[in-house]
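Count along the sequence shown starting at 1, add 3, and that's the number in this note's numbering. In what follows, a structure is listed as structure tokens, so that the remarks can point back to it.
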Amino acid sequence: MPNLRDLFKDRELYHVTPSLAVADAARYMSERNVGAVCVLEQNRLVGIFSERDLMKRVIAVNRDPSSTRVSEVMTAKPVVVDVHDSPERCLQTMKQAGIRHLPVVEGDKLIGLVSLRDLLQGDLDEKVDEIKLMQDYIHYVPPSKPQL
Numbered sequence: 004m005p006n007l008r009d010l011f012k013d014r015e016l017y018h019v020t021p022s023l024a025v026a027d028a029a030r031y032m033s034e035r036n037v038g039a040v041c042v043l044e045q046n047r048l049v050g051i052f053s054e055r056d057l058m059k060r061v062i063a064v065n066r067d068p069s070s071t072r073v074s075e076v077m078t079a080k081p082v083v084v085d086v087h088d089s090p091e092r093c094l095q096t097m098k099q100a101g102i103r104h105l106p107v108v109e110g111d112k113l114i115g116l117v118s119l120r121d122l123l124q125g126d127l128d129e130k131v132d133e134i135k136l137m138q139d140y141i142h143y144v145p146p147s148k149p150q151l
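Structure representation (structure tokens):
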């Protein structure tokens, strides 16, 4: 499986500010086709805002998305992983915490966001490669010996 940095190296890190209206954050996420964004205040991670936060903390309780701020409904103090953690460790962390998005940090700096889909796709790609190698091995026909 690739390392964490490989999973998001060519991807922009989408983020919003805590003071942004939920409606604007939802529009931002929809335009970028992402299910979660990091919430940054002065380049410091203060939370994560996901589709689940929107559904549970805004829509399901009839809050007005235009007047509700991200800071009121985000997941504060999100679980994070270090860039040197293994993808397997990330999957375990997600399962234990019941989450689908993990901010990735290097020291105290936010450098990326990985999703459950990213991790599963990396695992699937690796397994497809293994299957192809096994099929090639099984179907290998050695060259015939020259006849004397």
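Just so it is clear, CB atoms sit at the ideal spot from N, CA and C, and this is done for glycine as well.
Within its own chain, the residues whose Cβ lies closer than 6 Å to the Cβ of Pro68, once the five positions on either side in sequence are excluded, are Val25, Ala26, Val61, listed in chain order. According to DSSP, residue pairing for Arg47 in a beta bridge involves Glu44. In this structure, the beta-carbon distance from Val42 to Tyr31 does not fall below 9 Å. DSSP places Lys98 inside the alpha helix (DSSP H), whose first and last residues are 90-100. The bridge partners DSSP lists for Ala28 come to none. Per DSSP, reduced to three states, the secondary structure at Glu15 is coil, with no helix or strand assignment. Where Val76 is concerned, there is no enclosing beta strand (DSSP E), although the alpha helix (DSSP H) around it starts and stops at 73-76. In this structure, DSSP gives Val61 a helical state, which the three-state scheme calls helix.
Residues Val86 of the same chain have their beta carbon placed closer than 6 Å to that of Glu109, with the five preceding and five following residues left out of the count. Across the structure, Val49 and Glu75 are spaced so that their CA atoms are roughly 12 Å apart. Judged by beta-carbon spacing, Asp121 lies within the 9 Å limit of Leu10, meaning their Cβ atoms are closer than that value.
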